[in-house]
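Right, one structure below, let's go through it.
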Ligand SMILES: Nc1ncnc2c1ncn2[C@@H]1O[C@H](COP(=O)(O)OP(=O)(O)OP(=O)(O)O)[C@@H](O)[C@H]1O
Ligand SMILES: Nc1ncnc2c1ncn2[C@@H]1O[C@H](COP(=O)(O)OP(=O)(O)OP(=O)(O)O)[C@@H](O)[C@H]1O
Ligand SMILES: [Mg+2]
Ligand SMILES: [Mg+2]
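Protein chains in written order, with the working numbering: chain C, 74 to 616; chain W, 12 to 358; chain F, 119 to 465; chain Y, 314 to 618; chain V, 4 to 332.
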């Protein structure tokens, strides 16, 4: 597939000898079976970019290769996304980790190599600021800078599509973000109307790694660990932190936090939950390392036990998201079980048949990889009375169609991560409640901001104008989502800044911008750049 | 009354190129206890004829006219079931051409004999095995070899097993289709001898098909010489060999080298040309194209069967010239002329 | 292992082919079970054979099926690697030839294979089959090759050759195929021809023509021919000298006339008696062989024929007889491997 | 000389005539087998469709088609606008179906031909030389046999990335083994046939014996097996497309089916689910019947019975 | 007395094949783009963390050391530890194999027991109506993509009629008491029935077609005529003689099929959400969980090689003419 049509899109050069074609660019995305949306976005976007006369070469890669390419910064276009766990309502990762110049190196997460002192300062303020309203302002400024400089071609924010059977359970309340129904607060809300004591969560996502906590490598497993282990805080339906094992918390200063433990808690084997267990958990995770939780544990420096119920966290640097992110993601492991495991193994993750005793609302009963995980309600848990069912089953399926079939006939209680087409199907079924939950995900096409023509902001803007975000939204998401302007989704009402630069689909505007930046087209419609081309506009500061 | 009466039998094969009459209006009889030899060139219809007795023709073949009467039953029309239970093997057994391949390779030879005995009699397995051992001895095979698989036996031994098999139910007729072709002379000799002995023993009739004039003269009482689907000449051994009347029979005899002369060179004379295409047989006499004595008449008139002496019949328009044919038949020049004549005709 | 004295040729001329102590052993194929439970075994297909063939001589090689005739023939043209022994042709030991020498050698030495239906490539036209050897040896241009092809076909008795050039083998009769086969063998005008059972598969009416061809080659081209057959009557007709083989051994060799009319070895005699002959009629009462041929894989120590032989005694069962010149009587000037050769008694 | 010249032209005429007759006979015989004739028609029809796809397809196969008002029509049943309806992305199914035939045929023919070449060569060499060469080559084939096809295909397409070409390469890698075995066993018996010995006795080189004398006799079996491979290749392509490793640059029937599966269209969009599935089935069956047709021409055993 | 050297040779050859398979697989997976760590190791990890993880799985050693290590452990039955699940590979894949066998054993058994009879019937009535329609159906069940027929079957029996479950091995939350219970229980049967039927339909076509074609050749043999001449009833000729003589190729094809059956069918298991080895292997392939993939491949290869050996022995029993390695001389 060549670039452009037979005619020049915009101005042709006076002397073609001074120009050379813009080099062919590689357009990569993950394979379809791994992420259909990203794959399809890639297909659409590639065609639209080619309309500008840019030669692209499509490469579909598996997840492994994909992360290698990102890590090694070996891409021209890469379809990628931030996924939206509810903790991302605190947009630390999306704003800080992905765009701070500190991470614009081969180890860091700033894959697009966007660098701006102004932005660095702004985002550091956001990170450190304990006061919420100022923090929101800093974050909104960040969004403005990003929208103006388009380091990434932002595409869409898909909704989180979930569906639940209403014959067996009712009063479904969704939490903001991806895990609309699959979280403890939502599950406490549902009412048993069908008399079935079992909640079955049907999914096609095979767990990355389970059940050893020290082995956790992804959000799904982490989410299930929160069933067996209590974290200090949970996030409520609105996404704000609510007490869990920690009854209250108090910032002493920017780097010191005191947390009071809920009293009377016991592990499922009857041992009491103590602050020592909390300290043990944080210390061992820091020492042994759980790569997936690396950035979460990173701000943690040490802890002090103030009294039987109170623990003090000392942070290495100010981190206003410590409660909402770190304390939410890291649960409490029983010391009496894990201290031996740590002593017995090189690394505790090697314990292949771990004792899954925790203090959480559910007891781990059985795990059959590829089939299901079965949990039973922990009747001693403080939330026990809130759950209107006895058993929770995480059940794996080969296809979403099968899940929908089973939701309809009641074999599955609810599901999530649905494709738009499946969701439409579920929506048509009478006894199924299908909701399109505004998502925190942000999709985009990652580009190397420090390379070739990408260095010029106008080039990046031109590309963004070339992308038809509405088509993506309508076709790929069947309208279930929002167009993206920056990494924060509208669903994040607190932080979202709507008032930023926009780039509607407009090829003429793209052509205009490219011409302005010195680009031309030859007779075949291929994009040319002057042989000695240099970027003129590399950064547009806030007014 | 004769054992089998073959009356005006024709066999037709359906082929892609139209019907092929492999056996054409053939009549003869088989007498009780006699050995009838059938000789003729490859493809002249010998196998077809023998298969017709047991209605074993290939799927595309059928007996189109005529009747084969055995014991008052017309084998051409009798029901398949009656044929299977009453006639096959009990009355008429069969030694197929290429008998070495006629045994199921995956069962022991003994088992195959036992199978057929059990199939048609009420004998217990034990009795059947005994009978089998008996049969093996009868055909000069060590009964210990009953447990061998066909491939473990030599060609001659396999041939004996098929003979033992054919004797299993003491039939009144054994149809043996080239039972010695492909075997070496010593074994061939043994087999012939064996068949002769058996006949003496149980008095069955044997139809013995071969293309070897030597073999047939050694074993048969009567001989039928087939040519292109027809019986050119039929009669006793002496009739056919010493008083041959059909030019084809004469020619065939000439082609045989003799052991009693040395050197034998001058005596060998080949019959020029090749048999006609059965899909499109010529009108008139079928041997006409190769016959040194052929006349214009031969080309148009289909010779009918003429009885010369009692039971000695030929299909030739000139039965009266037979002694003349015999005399000239020994001279190579007679046949050479025909060949040249034929060569002249072809282009 | 026996030591064989080399039979002396009764001719003074330099022998064209001189074979000394030639042996060929085959490793036998066994089933997986017997491999699991047994040892490796060998079959002695040709065992210590020595002989000579003169220029312009036809030597017959007879013996029953499986005695090693074809194997010997294939050894002579190096289609098989001998296990031991030498084959001297024109003064060179061909077993030591390099592949290019072998190619040159093969221009001079050709084979007519046993089965005319199998020995020509079914996918080639007649002209291709016959001209292939010329092509292989890059002889002549297209035109010349065609000329020679036509000549060879005519020589082989297929005339008019032009008619046949475009035909495929399956459009030919057995006799015609055998002639194509012969044409292919003589198109290079070899000095030496091995004819492996060239007529055994053919109808009697066409055999004669083929035999006559060999006579013609011998006379007109001074060709040496090894004529392999189990049929003594054609050997009698054609060959100057005759060798009789039994289980890989040569048991008798001499002038055909002597071997056939005054056999010295009991085996030769049996062979002769078994030949069916139209003249012999039904007098098959002569003593015939009984018992079993020994297993060629597991040979007895003494004379291999002892188990069949009516004259055998302990000596025969103990000592293996060597091939020796017979000294008694003028008629039997041949060599025989027997402790008690038959005295001058013509069959 | 002139006489010979005349003879030559006459011969050539005879040769030509026999060839012509034989070809005619073969064609007639093939066509008289009704199933084979229909099969041939189907394959040729598909080929026509594949070659002229750009002219036959009413829309771009991958375009998300919007109507005049800019409205997309998703999962619409067949209508005059879209004869075979649309899919979930408002793409024209008829156009996808037409273009989809390209991949199936490309995969079929390329892997078929490559397998014929590789398999035949390996089989010939192995069966002809026997001994160590045979042992080594057959060990390789055994090892390939010991590795299951679909998983290996998956790994290979992961290894090289998924594109039509890689799928074809992977397919060839797997499918040549059967061809090699079949050719080898035939070669083993053919090379013992007297006519091969005759060629050897005439001094023909090994290469000449293998390719000039033996190979033509294998042609029927190579063709039969080759056509069989083509059918198998189509199925394998559909299989790995189904698992999401299908071709990315071209739409194929397998990819279409995969989309119906992943998007759950199976329960309601029959116009999308049925055509690719039926097409694959029919095409594969057609290849089998063609191979039977060829078998019937070339196997004299089957001609009379 | 067993000829040890021959047995040794056969076993040796099997071992060589296996060794080659293992080696090829080992290196194949390590030249895959994206090193094995990328699955386990999130890009967010620091260099230090990455190294730690590499060391944990022995991936920091040079390739050849890894190889020798792997082979050494292999000898003692240690196929390593799953990257994904942290479990030792061997028990893990054996467990999955049981699930797979629940589907494949009945399917293969039906296919290879019933198939030849059907094929024999077709051959007997060659070109008759039964044969023509029957072969067409057999060809169709072979040619229809199995995932497509599987989807259609699910749609009809599970979603529309709702008489059979839509996948998986048992209802959610049910925990099989014992392995025996897992295999032999009504629920398992209920869940397995649809995939077994689909699998059988697909599997049975080859034995049918192979038997049919071989038997047509066999029917042309002279011994069949002799049996007919003997007055043997048709059915005896058909099954005891003709079919038995046609079984050899089926046995050899069957050996392969059984070998592969241990690996299950990725596609079928995906469609029916069946937690078998095929699906596990596919997940592992995607996750670059090499120890599991290698283990699964090894298991299948081992089975193929083993069953080939068995088939060689069975064929000598079926057909006494068979020599070494299934060749009829
Ligand atoms: N099934 C068949 N279909 C068509 N033609 C057949 C069939 N069987 C035999 N023929 C033809 O019928 C003729 C007679 O064949 P038959 O087998 O009876 O000859 P034969 O005398 O036994 O020959 P041979 O000596 O070679 O066995 C031949 O031309 C042969 O080609
Ligand atoms: N390639 C081979 N491998 C093993 N054994 C063989 C081979 N070729 C021949 N033999 C055996 O060697 C012996 C001699 O065979 P050969 O073909 O030379 O016999 P022959 O005298 O030509 O027999 P026929 O008269 O049947 O042609 C036989 O026992 C045969 O089985
Ligand atoms: Mg016959
Ligand atoms: Mg021979």
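We put the beta carbon where it would ideally sit given N, CA and C, even for glycine.
Since the structure is predicted, the reported quantities are computational estimates derived from the model, not experimental observations.
Taken from the Cβ of residue 236/F, every heavy atom of ligand 4 lies 7 Å or farther away. If you ignore the 5 residues before and after residue 327/F, its C-beta comes within less than 6 Å of the C-beta of 275, all in its own chain and listed in chain order. In the structure shown, residue 221/F adopts helical secondary structure according to DSSP, grouped into three states.
Taking C-beta separations shorter than 8 Å and ignoring five residues to either side along the sequence, the partners of residue 562/Y in its chain run 476, 477, following chain order. Taking the CA atoms as reference points, residue 481/C sits about 58 Å from residue 499/Y. Within the same chain, and ignoring the five residues on either side of residue 427/Y in sequence, the residues whose Cβ sits closer than 6 Å to its Cβ are 485. Residue environment for residue 433/F: exposed (fewer than 16 other C-beta atoms within 10 angstroms of its C-beta).
Residue range 241-247 is occupied by the beta strand (DSSP E) that includes residue 241/W.
Residue 227/F has 310/F as its beta-bridge partners, per DSSP.
At a Cβ-Cβ threshold of 8 Å, residue 227/C and residue 493/C do not count as neighbours. With a threshold of 8 Å between beta carbons, residue 355/Y makes no contact with chain V. C-alpha of residue 470/Y to C-alpha of residue 524/C: approximately 31 Å in a straight line. For residue 422/Y, the enclosing alpha helix (DSSP H) covers residues 406-442. Residue 586/Y and residue 570/Y have their C-alpha atoms roughly 6 Å apart. Counting C-beta atoms within 10 angstroms of its own C-beta, residue 205/F has 16 or more neighbours from the protein chains shown and is therefore classed as buried. Around the beta-carbon of residue 145/C, fewer than 16 other beta-carbon atoms lie within 10 Å, marking it exposed. When secondary structure is reduced to three states using DSSP, residue 307/C falls in the strand class. Taking the Cα positions, residue 91/V is about 48 Å away from residue 527/C. Within the chosen limit of 7 Å, ligand 1 reaches the beta carbon of residue 72/W through at least one heavy atom.
If you check the C-beta of residue 293/F against ligand 1, you find no heavy atom less than 7 Å away.
Beta-bridge analysis with DSSP links residue 142/F to 164/F.
The closest CA to that of residue 30/V, considering only 188/V, 70/V, 175/V, is found on 70/V. Around residue 11/V, no beta-carbon contact reaches into chain Y at under 9 Å, the shortest distance being about 16 Å. Within 8 Å of the CB of residue 578/Y, the CB atoms of chain C belong to 494, in sequence order along the chain.
The alpha-carbon of residue 262/C is positioned some 42 Å away from that of residue 293/V. In this structure, residue 518/C keeps its C-beta atom at 8 Å or more from the C-beta atom of residue 248/C. When C-beta distances to chain W are compared with 8 Å, the residues of the region 323-354 of chain F below that value are 323, 324, 325, 326, 327, 329, 330, 333, 348, 349, 350, 351, 352, 354, in chain order.
Against chain Y, the CB of residue 544/C has a partner CB under 8 Å away; the residue lies at that interface.
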